[in-house]
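Chemist:
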Amino acid sequence: MLIKGSEAIVESLKANGVEAIFGLPGGVVIPLYDSLYDADIKHYLVRHEQGAAHAADGYARATGKTGVCIATSGPGATNLVTGIANAYMDSSPMVAITGQVRSGLIGTDGFQEADITGITQPIVKHSYLIKDPKDIPRVFKEAFYIASTGRPGPVVIDIPVDMQLAEIDYKQPSRVQLLGYKPTLKGHKRQIKAAAKLIAAAERPVIYAGGGIVSANAEKELRRLAKLVQAPVTTTLMGLGSYPETDKLSLGMLGMHGTGYANYAVTHSDLLIAVGARFDDRVTGKLETFAKDAKKIHIDLDPAEISKNVPIDVPIVGDAKNVLRDLLVELKKLDVDPKRTRPWIRQMNQWKKSHPLQYKDLKREIMPQFVVEEIYRVTRGKAVICTEVGQNQMWAALFYKHTNPRNFITSGGLGTMGFGFPASIGAKVGRPRETVIDIAGDGSFQMNIQELATAVNYNIPVIVAILNNGYLGMVRQWQELFWGKRYSETCIECQPDFAKVAEAYGALGMTIKDKKDVADALRTAIKARKPAVLDFRVKQEENVFPMVPAGKSITEMIGGHK
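Everything in the sequence shown is counted per our numbering, starting at 28 for the first residue and increasing by one.
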């Protein structure tokens, strides 16, 4: 059947299971938006393209589906760049559709022209510039396949306006054929057997789980492994929720702001089993001292991550779920003795007693950690938690007990301020029955505060819990600890009344200054079933502890001790 290229795009989106799109129209995507007008795909009009990218990212992380965002050419496309980079760093599946000037104008510096495929080349899994409208169905099928398979990530499709207007004989491809792209999903049997032997012999094992567990939906296999071999589990920021922190084998998060007991356990382990993690600098601290006495097994879908930062004894390339299943089979053959790790578990419990997460709880003044704990208590740990970046992010990671995957959504690798609120909108769109709360800082929230209009426009009842300390808190903390309290440009002196701003947009706004009112405010916001902004005025110069100074070993922690 003959249809316009823009209609072929819509049909391709539907064929790839797309139900929600986040975008902002412009001149060269008018044909596409005209075709979307009658389509049974829900489009969410954002107020800034960065919000579209982050919302698509949040949708992807909350659902496991591929998020989709749309922007026009030039500034519209470049406004997506931060969100695309964020998705790339955190391995989040996304297809970003950008409009482009007419094919004949490309390279002439035409109005609102930008080489978006060139600009995003280092931060995408792949990108396409459509040069023939007949390629549209194939390109879209390939793009969704690339974004969602192997190590997930973003794909950019740049479509000149004349490609959208041209007519094609639309046929949906039956399968994808990509030479050179064949992700390794099954682990090597010999390597898996070698890993099983190391695990069976280890007396002080630690499982180090990352976001790859979440991407692979391998949380059940991870829990079976931990129980079978009686090994404690620590997670990265991206891996939070992959192992329940209410379990006795949980060590919580490790690294720069990880728990003291997780950092000590990794340092004194004789075997580190890394699954779906990449040994990034926020985890390892000083590389030379990271788990230096431990043998290391590394299970990861991306071969480029193996031995990139830390030498590995037994590398296994493959999907975490598949590899862990095969590993469990091999371990059962070896009849692993669970008693061998009992002294090690006792040591864990001792470290938990001597290095607990703690803070000074005040009588009336609100501590930021207390707000996070109340969110956990009021929601019974069942909310989807999104965060901004900075102190609010670390308090959310440490003081909320994460028990399920895809319930903690944050910007890890790129550390993008302004991510959490639009991501929470995407998460709520993807999981409308869940309570979704963005734990925010007063600095980060203002970076995409305009998306309150999006939330109100579509009645997306997300809750923003601002830990308002009047500072760019994490930078101020570094200035306090390492720069002689010279608070250069970190005090936010001109602060809006967030409650009134929320009300001006049509959302619920509340200001909370007393500790006793925290829980009631949260309950009121949840019951309101409309977008809500809760401005918690917290202790201004409270710090995130524990903290490992840059370049130090992860046992050289500041704070976090009794």
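Where a beta carbon is used, it is the ideal one built from N, C-alpha and C, also for glycine.
CA-CA distance, Lys220 and Ser334?
Modeler: Position 193 of the sequence shown, counted from the first residue, corresponds to residue 220. Position 307 of the sequence shown, counted from the first residue, corresponds to residue 334. Rounded to whole angstroms, Lys220 to Ser334 spans 20 angstroms at the Cα level.
Chemist: Alpha carbon to alpha carbon, how far is Thr443 from His295? Give it in angstroms, no decimals.
Modeler: For the purposes of this step, residue 295 is identified with residue 268 of the sequence shown, where counting begins at 1. For the purposes of this step, residue 443 is identified with residue 416 of the sequence shown, where counting begins at 1. For His295 and Thr443, the distance between alpha carbons rounds to 33 angstroms.
Chemist: For Arg217, name the three-state secondary structure that DSSP assigns.
Modeler: The residue given as residue 217 occupies position 190 in the sequence shown. Looking at Arg217 - three-state DSSP - the assignment turns out to be helix.
Chemist: Can you give the Cα-Cα distance for Glu530 and Gly468, rounded to whole angstroms?
Modeler: Position 503 of the sequence shown, counted from the start, is the residue given in the question as residue 530. Position 441 of the sequence shown, counted from the start, is the residue given in the question as residue 468. Whole-angstrom Cα-Cα distance: 19 angstroms.
Chemist: Spell out the partners DSSP gives Asp329 in its beta bridges.
Modeler: The residue labelled residue 329 in the question sits at position 302 within the sequence shown. None; Asp329 has no bridge partner.
Chemist: Using only alpha-carbon positions, find the residue among Glu478, Gly470, Lys322, Ile490 that is nearest to Pro459.
Modeler: Your numbering for residue 459 matches position 432 in the sequence shown. When only C-alpha atoms are compared, the closest one is Ile490.
Chemist: Quick check on the DSSP output: the beta strand (DSSP E) that includes Arg564 runs from which residue to which?
Modeler: Numbered from 1 along the sequence shown, position 537 holds the residue referred to as residue 564. Residues 559–564.
Chemist: From this set, Val337, Ser269, Tyr288, which residue's C-alpha is nearest Lys348's C-alpha?
Modeler: To locate residue 348, count along the sequence shown from 1; it is residue 321. Here the closest residue by C-alpha is Ser269.
Chemist: Output the distance between the C-alpha atoms of Gly32 and Asp185, rounded to the nearest integer angstrom.
Modeler: Translated into the one-based positions of the sequence shown, residue 32 becomes position 5. Translated into the one-based positions of the sequence shown, residue 185 becomes position 158. Going from the Cα of Gly32 to the Cα of Asp185 covers about 13 angstroms.
Chemist: Spatial neighbours of Ala450 within its chain, please: C-beta separation below 7 angstroms, excluding the five flanking residues on both sides.
Modeler: Walking along the sequence shown from the start, residue 450 turns up at place 423. Once the five neighbours on either side are set aside, the close Cβ partners of Ala450 are His81, Ala82, Asp84, Gly85, Cys413, Ile436.
Chemist: Using 10 angstroms around the beta-carbon of Leu206, count the other beta-carbons present and answer buried if the total reaches 16, otherwise exposed.
Modeler: Numbered from its first residue, the sequence shown carries residue 206 at position 179. Counting Cβ neighbours within 10 Å, Leu206 comes out exposed, since fewer than 16 surround it.
Chemist: Can you tell me whether Phe49 is helix, strand or coil according to DSSP?
Modeler: By one-based count along the sequence shown, residue 49 stands at place 22. Three-state result, Phe49: strand.
Chemist: For Asn495 and Asp562, what's the separation of their Cα atoms in angstroms?
Modeler: Numbered from its first residue, the sequence shown carries residue 495 at position 468. Numbered from its first residue, the sequence shown carries residue 562 at position 535. About 6 angstroms.
Chemist: What separation, rounded to the nearest whole angstrom, lies between the Cα atoms of Val398 and Met574?
Modeler: Along the sequence shown, one-based indexing puts residue 398 at 371. Along the sequence shown, one-based indexing puts residue 574 at 547. Distance between the alpha carbons of Val398 and Met574: 20 angstroms.
Chemist: Only counting the same chain, and skipping five residues up and downstream in sequence, which positions put a Cβ closer than 7 angstroms to that of Arg309?
Modeler: Within the sequence shown, residue 309 is the residue found at index 282, counting from 1. Taken in chain order, the residues that qualify are Gly282, Met283.
Chemist: Is Leu267 helix, strand or coil by DSSP?
Modeler: Along the sequence shown, one-based indexing puts residue 267 at 240. Coil at Leu267, not helix or strand.
Chemist: Output needed for Arg165: all residues of its chain with C-beta closer than 8 angstroms, excluding positions within five of it in sequence on either side, in chain order.
Modeler: Numbered from its first residue, the sequence shown carries residue 165 at position 138. Excluding sequence neighbours, Arg165 sits near Pro200.
Chemist: Mind checking Thr147: buried by the 16 CB within 10 Å criterion, or exposed?
Modeler: Position 120 of the sequence shown, counting from 1, holds the residue named residue 147. So Thr147 ends up on the buried side.
Chemist: How many angstroms separate the CA atom of Leu156 from the CA atom of Pro187?
Modeler: For the purposes of this step, residue 156 is taken as residue 129 along the sequence shown, with counting starting at 1. For the purposes of this step, residue 187 is taken as residue 160 along the sequence shown, with counting starting at 1. About 8 angstroms.
Chemist: So for Thr430, helix, strand or coil by DSSP?
Modeler: The residue you call residue 430 lines up with position 403 of the sequence shown. Residue state, collapsed to three classes: coil.
Chemist: With the cut-off set at 8 angstroms, would you say Ile195 and Ile173 are in Cβ contact?
Modeler: For the purposes of this step, residue 195 is taken as the residue at position 168 of the sequence shown. For the purposes of this step, residue 173 is taken as the residue at position 146 of the sequence shown. No, these two residues do not count as a Cβ contact at 8 angstroms.
Chemist: Counting pairs of beta carbons, one from the region 496–508 and one from the region 517–530, are three or more of them closer than 8 angstroms?
Modeler: Because the criterion of three Cβ pairs below 8 angstroms is met, the region 496–508 and the region 517–530 touch.
Chemist: Could you give the residue range of the beta strand (DSSP E) that holds Asp524?
Modeler: Mapped onto the sequence shown, residue 524 falls at position 497. Run containing Asp524: none; DSSP gives neither H nor E here.
Chemist: With burial defined as no fewer than 16 other Cβ atoms inside 10 Å of the residue's Cβ, what is the status of Arg178: buried or exposed?
Modeler: As a position in the sequence shown, residue 178 is number 151, starting the count at 1. Counting Cβ neighbours within 10 Å, Arg178 comes out buried, since at least 16 surround it.
Chemist: DSSP state of Lys589, grouped into three classes?
Modeler: Reading the sequence shown from its first residue, position 562 is the one you call residue 589. Note that Lys589 scores 49 on pLDDT, short of 50, meaning its location in the model is unreliable; the coordinates nonetheless yield the value given after this. Correct three-state label for Lys589: coil.
Chemist: For my contact list, Leu278 and Tyr288 are in at a C-beta cut-off of 8 angstroms; report their separation, rounded to the angstrom.
Modeler: In the sequence shown, counting from the first residue as 1, residue 278 sits at position 251. In the sequence shown, counting from the first residue as 1, residue 288 sits at position 261. Yes, Leu278 and Tyr288 are in contact; Cβ-Cβ is about 6 angstroms, under 8 angstroms.
Chemist: For Ile68, count neighbouring C-beta atoms within 10 Å of its own C-beta (all shown protein chains included) and say buried if the count is 16 or more, exposed if not.
Modeler: Indexing the sequence shown from 1 puts residue 68 at position 41. Its Cβ having fewer than 16 others within 10 Å, Ile68 is exposed.
Chemist: For Trp371, I'd like the list of residues in its chain whose CB is within less than 8 angstroms of its CB, leaving aside the five on either flank, ordered along the chain.
Modeler: Taking the first residue of the sequence shown as 1, we reach residue 371 at position 344. The residues are Glu230, Arg231, Pro232, Pro259.
Chemist: When you compare the CB positions of Pro102 and Gln127, do they come within less than 8 angstroms of one another, or not?
Modeler: Counted from its first residue, the sequence shown places residue 102 at position 75. Counted from its first residue, the sequence shown places residue 127 at position 100. Cβ atoms of Pro102 and Gln127: not closer than 8 angstroms.
Chemist: Have a look at the DSSP bridge pairing and note the partners of Asp465.
Modeler: By 1-based counting over the sequence shown, the position of residue 465 is 438. Answer by DSSP bridge pairing, in chain order: Cys413, Val491.
Chemist: Bridge partners of Pro187, per DSSP?
Modeler: Translated into the one-based positions of the sequence shown, residue 187 becomes position 160. DSSP output for Pro187 lists Gln127 as bridge partner(s).
Chemist: In chain order, what residues of the same chain lie with their CB nearer than 6 angstroms to the CB of Thr211, ignoring the 5 residues before and after it?
Modeler: The residue you call residue 211 lines up with position 184 of the sequence shown. Contacts found: Val344, Gly345.
Chemist: What does a CB cutoff of less than 6 angstroms around Asn570 pick up in its chain, not counting 5 residues either side in sequence?
Modeler: The residue labelled residue 570 in the question sits at position 543 within the sequence shown. Within the same chain, Asn570 has close Cβ partners Gln504.
Chemist: For the alpha helix (DSSP H) that Tyr670 lies in, which residues bound it at each end?
Modeler: No information on residue 670 is available, as it lies outside the stretch 28 to 589 that the chain covers here.
Chemist: Spatial neighbours of Lys455 within its chain, please: C-beta separation below 6 angstroms, excluding the five flanking residues on both sides.
Modeler: The count along the sequence shown starts at 1 and reaches residue 455 at position 428. Excluding residues within five positions, the ones whose Cβ falls inside 6 angstroms are Val463, Ile487, Val489.
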